[in-house]
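**Q** The following block contains the structure, expressed as structure tokens.
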Amino acid sequence: MTIIIHHLQRSQSERIIWLCEELGIPYELKLYTRDKHTLLAPPEYKALHPSGTAPIVYDGPIHLAETDAITDYLLAKYAPTPNALVPAPTAPNFADYIFWRHFANGTLGPATGRVMMFAFAQVDAANPVGLGVKARFENAARMVDDRLAASKWLGGDEFSLADLMTVWHLTGLRQFNPFELTPWPHVVEWLKRVGERPAYRRAMEKGDPGFEPLLGAGKPEAIRRG
Numbered sequence: 001m002t003i004i005i006h007h008l009q010r011s012q013s014e015r016i017i018w019l020c021e022e023l024g025i026p027y028e029l030k031l032y033t034r035d036k037h038t039l040l041a042p043p044e045y046k047a048l049h050p051s052g053t054a055p056i057v058y059d060g061p062i063h064l065a066e067t068d069a070i071t072d073y074l075l076a077k078y079a080p081t082p083n084a085l086v087p088a089p090t091a092p093n094f095a096d097y098i099f100w101r102h103f104a105n106g107t108l109g110p111a112t113g114r115v116m117m118f119a120f121a122q123v124d125a126a127n128p129v130g131l132g133v134k135a136r137f138e139n140a141a142r143m144v145d146d147r148l149a150a151s152k153w154l155g156g157d158e159f160s161l162a163d164l165m166t167v168w169h170l171t172g173l174r175q176f177n178p179f180e181l182t183p184w185p186h187v188v189e190w191l192k193r194v195g196e197r198p199a200y201r202r203a204m205e206k207g208d209p210g211f212e213p214l215l216g217a218g219k220p221e222a223i224r225r226g
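If you're matching positions, the sequence shown starts at 1 in full-length UniProt numbering and goes up one per residue.
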């Protein structure tokens, strides 16, 4: 039985497509377009799972949401062992890999998301809470940049799931609250390497045909409501 990836276009569910492309996991892809007025998932997507949010994967009677849950499930059930995305526990870089994999969704993602929500709410730039949110994001981005100044990839010398989990927060998410990456030059160089990966290119072409991934340093154009 082939898994079904329900992909909300221009969303973080691109990571699940990319994961399957990297590991050669067969899948069926169903595409859903954001509501043009709200930019949120359409009703038919929200009906797929109680969470109503991307990503969502069906594997027969199993219906999963949450990026980390889906990732762990696919790795455990379908990925070859060992696989190139997850270092062995005995590898010298295993602790680095674990840290940066969880930093992506535990620190960087929430920090980026909070900045986005404050921008949507048009909070005054001098608001002390907003300033704290901005500082938290900038610190997280600086940590990523510092790591990439010392290491080719976040988890070490080789591309890993740590990189795959991080890319969305510094690329696709910027279409909702555009910002430049110029303060973090090592991030920009890292994204160039990401863009050279055939599996990444295939995932983006299949999931979001015609959309140019936001891998450059410049401030991207914001996604527009209908």
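Virtual Cβ for every residue (Gly too), placed ideally from N, Cα, C. Small disclaimer: the values here were computed from a predicted structure and weren't measured.
Does DSSP classify E28 as helix, strand or coil?
**A** strand
**Q** Is there contact between the region 117 to 135 and the region 158 to 174, where contact requires at least three CB pairs shorter than 8 Å?
**A** When Cβ pairs closer than 8 Å are counted between the two stretches, the region 117 to 135 is seen not to touch the region 158 to 174, the count staying below three.
**Q** Helix or strand or just coil, what does DSSP make of W153?
**A** Reduced to three states, the DSSP call for W153 is strand.
**Q** Could you give the first and the last residue of the continuous beta strand (DSSP E) run that contains Y58?
**A** Residues I56 to D59.
**Q** Under three-state DSSP, which class holds I223?
**A** coil
**Q** Pull the bridge partners of H63 from the DSSP assignment, please.
**A** Y58
**Q** Cα-Cα, which of N93, T67, G195 and H49 is closest to P61?
**A** H49
**Q** Judging by CA-CA distance, which residue of T53, E212, Y27 and E28 is the nearest neighbour of L39?
**A** T53
**Q** Using only CA atoms, which one of R147, R193 and P213 lies nearest to R174?
**A** P213
**Q** Could you give the residue range of the alpha helix (DSSP H) that holds L215?
**A** That residue, L215, is in no alpha helix (DSSP H); it is neither H nor E in DSSP.
**Q** Where DSSP assigns a beta bridge to L8, which residues make up the other side?
**A** Y32
**Q** Please give the ranges of any alpha helix (DSSP H) in the UniProt domain "GST C-terminal" (90 to 211), keeping only runs that are unbroken, at least 4 residues long and fully inside the region.
**A** 94 to 103, 109 to 120, 128 to 150, 161 to 170, 185 to 195 and 198 to 207
**Q** Below 6 Å CB to CB, which residues in the same chain sit around Y97 once its five sequence neighbours on both sides are set aside?
**A** Counting only Cβ-Cβ distances below 6 Å, and skipping sequence neighbours, we find P87, G155, S160 and A162.
**Q** How about P55 and I16: are their beta carbons less than 8 Å apart?
**A** yes
**Q** Considering only C-alpha positions, which residue in the set T71, H6, H37 and I223 is nearest to M116?
**A** Checked all of T71, H6, H37 and I223; the closest Cα to M116 is I223.
**Q** Which word fits F120, buried or exposed, when buried means at least 16 other C-beta atoms lie within 10 angstroms of its C-beta?
**A** exposed
**Q** Is it buried or exposed for A79, if we count other Cβ within 10 angstroms and need 16 for buried?
**A** Here A79 is buried, its C-beta having at least 16 other C-beta atoms within 10 Å.
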